[in-house]
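Below is one structure, written out as C-alpha cells; the observations come after it.
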Amino acid sequence: MTLQQVVEEKQHRLLRRRHRPAPVRRVGRHDDGPPVPQRGLDNLLEERPATAAAPGMERQDQRSRIASLQVAGDGDRVEHLAVSGHVDCLCRDAGSRAGLGKCRGRHRKQRQDGGKLHSRDDSASGSGGVTVRTRFAPSPTGYLHIGGVRTALFNWLFARRHGGRFILRIDDTDQRRNVREALQPILDGFRWLGLDWDEGPEVGGPHAPYFQSGRQARHQEAVERLLAGGHAYRDYATADEIQAEREAAQRRKQRFIYSRRWMAETPAEAAAFESQGRRAVVRLKMPREGVCAFDDQVRGPVAFEWALEQDHVVQRADGSCLYHLASAVDDHDFEITHVIRAVEHLSNTPRQIFITRALGYDAPAYAHLPYVAEPGSAEKLSKRKLNAYLQHPDFRKLHEHGAAIMSALGESPPPQSFNPLVVEFYRTVGYRPEALLNYLLLLGWSLDDRTEMFTTAEMIAQFTLDRVNRSAASFDALKLLAFEERYMQRLPAEARVAAVVPFLQRCGALPPSPTASDLGRVSRVVAAAGERIRVAGDIVNYTDFFQSDRAFPYDEKAFRKRLRADGAAARLERFRAALETVEPYDAETLNGVMHRFVEAEAIPIGRIVHAVRVAVTGKAVGFGLFEGMEILGRAACLARIDRALEELERSAAERV
RNA sequence: GUCCCCAUCGUCCAGAGGCCUAGGAUUCAGCCCUUUCAAGGCUGAGACACGGGUUCGAAUCCCGUUGGGGACGCCA
C-alpha cells in the first residue's frame, strides 16, 4: 500500500470520528451530526440472541421483537428507539436538567482535544444552570473503609469539578447499633481527608434530615403513591411460600419469578387474605415485558430484561421500608443528579429506575465504578475478611510498620480499625491524607500514561467520569506507601516538623508545649533523617535525640557486636579524647577527626564508626553519624560515650 | 442455575486501526555511591487470555471460547 492510501484512510477515519457523539465535557455544543451508536440495538441483538429474541429468528424479526419490548417497557422513549435504532439513554434527555449524560452511544475514553488538560468551561453547571449534586451514603459501621472512600472521593471530585454539591446521607435503616457512635469515626475520616460535604450530618442543609431513619414519612408517602398508581401491590405470601417458589424455580434451573398468587390489588382481596391471618408486605409490580436500558456514565449502554426482575419488596409488614425504595426517594428529594457508586449496584439499578419513574421523578444519571479488589485477587474487598488480608505479605508489611510505630508510642489501637483497609489506620500512624487520596484517585482513574501526582486542586480540575476504568482494581499497599514517601519528601521542612511533633509528644519525648529550642532540635533531626521518615510516625526511630543521656536504650545486639568486640572499648576511649577538644563541634570537623583517627590507628573506618554510633545513639542504624553528633552536641556525646564505657566495664566485671 | 459486568507486565494505569520493537508507576533482581540504614544514579526482568472474523494492517473493531467478578434477600 502506498503512503497516499494510508493517509487517505486515516483522513477518512478522522472524518468519521468527528461524527461520533460528543464527549461529556463538550456538552452544550454537541448537536452537530447524528449520534453514531457503537453498541446500539444491532449489537445488543447479536450479543444477546437467546434472551432478547428467540433463537433462529431472523434479524428483522429480532429487531421488531426488541422494538416491541421497548414499547412495553419504555413508554415514551420508544419512538426514538424505533427510529434511530439505538438504545437511548434513560438517564437524562438532552437538554434536560444538567444537560449532562446525554447518551453518547459509547462511553469509552474520549480523546482529549489539544492535549491533556481539560478546561473548566465544560462544566456541566454551565450549560443547564442546574447544579450537579452527588452523594455518598455510608452506613454507620464504625469505620471508614478504603473502598468506600474511593467511591466518596469520585463523588466529591465530580461535584467539585462541576461546581456542584456533595451530600452525605446516612443509610441507617438498619438501626441496631448506636448510630452516633458508629458514625463519628466515619465523619472524622472524611474530615481528615479533607472531603468536605455541603449537606449532611453536622452541617445540615435544606433537605434535612440526612439520616434515612428520619425520612420514614417520605418513604411511606412514596409507597402509597406506588400503590395508588398500580406500580406496587400488597402481597400476603409468607416468607416460606416465597421460598418454596424460589426453590422450585431453582430446580427448573430458571430465574425465580413470583407467581403473584398472594397478590391483593383490591380491598376485597386484601380482606380475604387478612381473614386468613396473613399480613401484607408491599411489592413492586415490575414489568414482565420489555427492556430496561440506561446509559451508564462509565460503562456505556446497559440493558436488562424487565421480565427477569423480581417483584421486590419495598415495605415490610411492620411498615419499615427497604433500602431501594428509600434510596430512590431520598435521591430524588435531595435532587441528586448523578448517582456514582460501586458496580455491585449495577444490577439493582433497574428496580430503582422503576421506582423512580413510577413516582414520576426524573432519573439521575448513573455511574457504576469498578470495585476495589482484594490484594492479589480479583475478588471484591470484604469487610468481614479484614483480618485475613493481613496475611498478604504487602499488607503485613504495612501493618507491621504501623504496629511498630504504635508500640514505640506505647499505644494499642483497636485491632478492628488498625488495618490498612481502614482509613483510621493511616491517620493514627501519620500518613499524609493527600497521599492516600492521590493513591485512591489512581485506583480506577487516570489522566494519561504518566501523570501521577495530583494536588487536590488538580484532581478537581482534571477529573472526569469518562476516564474511569471499568475493571476491578486491587489494592496495592506498597504502592500506597510509595506515594506516601513521595508526599513526605515533598513536604516543606516546617510542615514535616509539624507532622512529626505530635508523635514525639505521644511517646513523651517532647512536652505538650515544646520550647523553641525543642522545636529547633526536632527540625534538625527531621532534616538529617531526610527520606528515612516516610510516615510521620517514623520519627519514633529517632527519639534517642530527645531522651536524657542516661535513659535512652541500647540495642542489645548492636551493643554486643560493636562494643564488646576486642579492643573496642579502648579505641572508643581514645576517640573520646579526640572529641574533647575539637573545634568547632560540627559534622564536617568531626568527619575530619574521625579520618585522622582512623589513619593514626591504622584501622578500617568500620572498626570505630559503628562503635561510636551505638554508644551515642544506642542503635546500629540511623542517619549520618556526624550530623547526629552535631545535633546532640559535645557534652551529650561525651556523656553517652562515658555511659557506654561504664556499662561495658560493669558487664565485663559481671562476666568475671 | 439465571442475568449483568469485566479481561494489557505480580500490582495500578496508558493505549480509541499504522506513532507499539506495547509506554509510565510500583514491585523484584543486579551494579554504582557509601560509616550503618535509607535515599539517589544506572541496568535488567516482566503483559496484550485464547480462537476466529473485518482490514493492506488489530492490543485497539466484530463474533465466539475460556477465565474472573458481581447481582439474584422482608441486607445496606
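Numbering-wise (our numbering), the first sequence opens with residue 63 and increments by one.
Beta carbons: idealized from backbone N, C-alpha and C, even for Gly.
Quick caveat: nothing in here was measured; it's all calculated off a predicted structure.
- Rounded to whole angstroms, the gap between the alpha carbons of Arg340 and His269 is 37 Å.
- Inside the region 448-524, DSSP marks whole alpha helix (DSSP H) runs of 4 or more residues at positions 448-451, 455-471, 485-491, 495-503 and 518-524, from first to last along the chain.
- Secondary-structure assignment with DSSP links Asp606 through no beta bridge to anything.
- Inclusion of Pro482 and Gly464 in the CB contact set at 9 Å is warranted, their separation being smaller than that value.
- Inter-residue distance for Arg669 and Phe487 is about 41 Å (C-alpha atoms, whole angstroms).
- The beta-carbon separation of Trp254 and Arg494, rounded to 10 Å, does not stay under the 8 Å limit for a contact.
- Judged by beta-carbon spacing, Gln305 lies beyond the 9 Å limit of Leu527, meaning their Cβ atoms are not closer than that value.
- For the set Ala578, Gln478 and Ala664, the Cα lying nearest the Cα of Leu206 is the one of Gln478.
- Nearest in C-alpha terms to Ala598, of all of Phe614, Lys623, Phe608 and Val563, is Val563.
- When rounded, the separation of the alpha-carbon atoms in Arg583 and Asp392 is 55 Å.
- When the beta-carbon positions are compared, Asp233 and Tyr320 stay at least 9 Å from each other.
- Assignment of Met325 by DSSP, reduced to helix, strand and coil, places it in the strand class.
- Look at Gln377 here: in three-state DSSP terms it is strand.
- Beta-carbon to beta-carbon, Asp617 and Gly680 are separated by about 6 Å, close enough to satisfy the 8 Å threshold.
- Between Ala544 and Lys459, the CB-CB gap reaches or exceeds 9 Å.
- In the three-state DSSP reduction, Thr213 falls in the helix class (H, G or I).
- As the crow flies, the alpha-carbon of Gln282 is around 21 Å from that of Glu336.
- Beta-bridge annotation (DSSP): His400 is paired with Thr196 and Ala427.
- Note on geometry: alpha-carbon atoms of Val644 and Leu710 lie some 25 Å from one another.
- Three or more Cβ pairs closer than 8 Å define a contact, and the region 422-436 falls short of that threshold against the region 294-301.
- Here Tyr549 carries a helix assignment [DSSP, helix/strand/coil].
- In the structure shown, the three-state DSSP call for Cys569 is coil.
- If you draw a straight line from the Cα of Ala571 to the Cα of Ala535, it comes to about 41 Å.
- Leaving aside the five residues that flank Ala440 on each side, the residues in its chain whose CB is nearer than 8 Å to its CB run, in chain order, Ala534 and Ser536.
- Here Gly256 has Pro495 and Thr518 as same chain residues with Cβ atoms under 7 Å from its own Cβ, once five neighbours each way along the sequence are excluded.
- Per DSSP, Leu230 lies in no alpha helix (DSSP H) segment; the continuous beta strand (DSSP E) that holds it begins and ends at Arg227 to Leu230.
- Across the structure, Leu289 and Arg296 are spaced so that their CA atoms are roughly 8 Å apart.
- Listed in chain order, the alpha helix (DSSP H) elements of length 4 or more contained wholly in the region 638-682 are 649-663 and 668-679.
- For Lys315, the secondary structure class from DSSP, reduced to helix, strand or coil, is coil.
- Per DSSP, Pro202 is not a residue of any alpha helix (DSSP H), being assigned neither H nor E.
- Its chain contains Thr193, Arg195, Ala221, Asp260 and Glu261 as the residues whose beta carbon lies nearer than 7 Å to that of Arg227, once the 5 sequence neighbours on both sides are disregarded; these appear in chain order.
- Here Met691 is buried. Its C-beta has 16 or more other C-beta atoms within 10 Å.
- Residue environment analysis places Lys619 among the exposed positions, since fewer than 16 neighbouring C-beta atoms fall within 10 angstroms of its C-beta.
- Between Phe416 and Trp368, the gap from beta carbon to beta carbon is short of 9 Å.
- Around the C-beta of Ile667, fewer than 16 other C-beta atoms lie within 10 Å, and the residue is accordingly described as exposed.
- Checking the DSSP bridge columns, you'll see Glu635 has no partner listed.
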